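A.B. asks:
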Ligand code: IMP
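What follows is the structure in structure tokens.
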């Protein structure tokens, strides 16, 4: 099983970065397939912390090739800054390649992200303000500028001139003054020169790698319920973080995916707006936030925290065809005497067992909880399942039984070695 997709099984921030870093060491290629620098992946190596927004979290492994796939939207300045910062700390990094099909994020996208949010008033999505939504809007409207044209100077000039005229009309509608061509074109032409050598036909490369049986790891960003189609629309991101997105965003067909691991926290968090049935806007939520240091890697915003929602998690397992779960941050729950987990929802007097598609219905559901015993022990030193206290093991069994999905890996701390592999057969086979 040489191809593995790692996705966020909840609303993002499930600690995918650490898992991609750990498994990326065993892969020949690590590929991001959706989103852009709205993502924030943290990797801890010894005492050093790295935060990646665009670079695949496996860039630290010299023998791994990191790929930014065609399904992404890329801020060139952000990418070059991140690359430089990482190179300053590590002389040797893995090779980086960028798909010519990935779209470029320009200053007007960021500006429009803010103006569109402002115009939404009380219905704000709470975006990361990185211009992600507007860049995907251009892609769907078929006027976006792709990496392949960005790095060809004459082509870039022509396309940028066309698109800026359209964007300036839009900016005027929002009451904003138009942007000047010259300054932005000059600045971005510099970025294009710096990035040109990274742009290569990665779809072809990956298809060949799959045929040759090389190990390829697809690194999801955000999470399942932020997916444009499968998530809690309209409070979603504008791309496809689900496992299906790995095919769309890289040129690899569905039958070439061997294994899907869904990363889920032992509780639930969400940033930005939108319904969150098990949210604890109270002392319990605050305690999870403090114990788990639940603040955004990209925006620094405090994350909304709540109990584990097994209704949502089971749905995520199904819609991603998940082979196994990677359960993270179990250690954060230490010290809670009781741990409620949602096993159903009540809506208008009936019990339902999955997320309603309608956002207003989802906002009205009342979770039905089953309460499990907590444990006082600090779990960070555990290195096998048997090192865990009995209630923690019961918590894991309950999750696997309810979701009908085995737990393949357990992460009980940020360090690489705070990882317990329970089912190696579900990873690379
Ligand atoms: P956007 O992706 O910036 O357009 O934001 C849309 C929604 O997705 C907002 O609720 C963001 O908070 C959320 N979001 C985007 N990226 C991430 C992420 O990496 N982790 C968690 N939430 C995210």
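Numbering (the numbering used here), first residue to last: 3 to 431. Every residue gets a Cβ at the ideal spot worked out from N, C-alpha and C, and that includes glycine. Just so we're clear, the structure is a prediction, and the values are computed from it rather than from any experiment.
(1) Thinking C-alpha only, which one of 275, 298 and 271 is nearest residue 286?
(2) Can you grab the Cα-Cα spacing for the pair residue 79 / residue 380, in whole Å?
(3) With burial defined as no fewer than 16 other Cβ atoms inside 10 Å of the residue's Cβ, what is the status of residue 97: buried or exposed?
(4) Report yes or no: do the stretch 364-372 and the stretch 287-301 share at least 3 C-beta pairs separated by less than 8 Å?
(5) Enumerate, from N- to C-terminal direction, the unbroken alpha helix (DSSP H) stretches of 4 or more residues contained entirely within the stretch 41-117.
(6) Quick one: using the 10 Å Cβ neighbour count with 16 as the cut-off for buried, is residue 34 buried or exposed?
(7) By Cβ distance below 7 Å, which residues in the same chain neighbour residue 116 in space, the five residues on each side in sequence not counted?
(8) For residue 197, which residues in the same chain have their Cβ closer than 8 Å to its Cβ, ignoring the five residues on either side in sequence?
(9) Quick check on the DSSP output: what are the complete alpha helix (DSSP H) runs of length 4 or more inside the stretch 255-322, in order along the chain?
(10) If the criterion is Cβ atoms closer than 8 Å, does the pair residue 138 and residue 275 meet it?
(11) Do residue 430 and residue 62 count as a contact pair if the criterion is CB distance below 8 Å?
(12) Quick one: what's got a C-beta closer than 6 Å to residue 391's C-beta in the same chain, skipping five residues either side?
(13) Three-state secondary structure (DSSP) at residue 188?
(14) Using only the heavy atoms of the ligand IMP, determine whether one of them is closer than 7 Å to the beta carbon of residue 168.
(15) Evaluate residue 145 with the Cβ neighbour count: other Cβ atoms within 10 Å of its Cβ, from every protein chain shown; 16 or more gives buried, anything less gives exposed.
(16) Curious, which full-length beta strand (DSSP E) runs of at least 3 residues does the stretch 320-393 contain?
(17) Three-state secondary structure (DSSP) at residue 154?
(18) Taking 8 Å as the cut-off, does the stretch 225-237 touch the stretch 180-193 (at least 3 CB pairs, one atom from each stretch)?
(19) Which of helix, strand or coil does DSSP assign to residue 403?
(20) Using beta-carbon positions only, say whether residue 18 and residue 423 come within less than 8 Å of one another.
(21) Have a look at the DSSP bridge pairing and note the partners of residue 168.
(22) Indicate whether residue 322 and residue 69 have their beta-carbon atoms separated by less than 8 Å.
(23) What does a CB cutoff of less than 7 Å around residue 407 pick up in its chain, not counting 5 residues either side in sequence?
C.D. replies: Reading it off the structure:
(1) 271
(2) 42 Å
(3) Counting Cβ neighbours within 10 Å, residue 97 comes out exposed, since fewer than 16 surround it.
(4) no
(5) Contiguous alpha helix (DSSP H) elements confined to the stretch 41-117 occur at 78-91, taking only those with 4 or more residues.
(6) So residue 34 ends up on the buried side.
(7) For residue 116, the CB contacts under 7 Å within the same chain, skipping 5 residues up- and downstream, are 131 in chain order.
(8) 78, 81, 82, 100, 149, 152 and 153
(9) For the stretch 255-322, the continuous alpha helix (DSSP H) assignments of 4+ residues that do not extend past its boundaries occur at 285-293 and 312-321, in sequence order.
(10) no
(11) With respect to the 8 Å criterion, residue 62 and residue 430 are not classified as neighbours on the basis of their beta carbons.
(12) 377 and 379
(13) helix
(14) False, no ligand heavy atom lies under 7 Å from that Cβ.
(15) Around the CB of residue 145, fewer than 16 other CB atoms lie within 10 Å, so the residue is classed as exposed.
(16) 326-330, 340-349, 352-354 and 368-375
(17) Coil.
(18) Contact fails: fewer than three Cβ-Cβ distances are below 8 Å.
(19) helix
(20) no
(21) Its beta-bridge partners do not exist; DSSP assigns none.
(22) no
(23) Excluding positions up to five away in sequence, the list reads 319, 324, 326 and 327.
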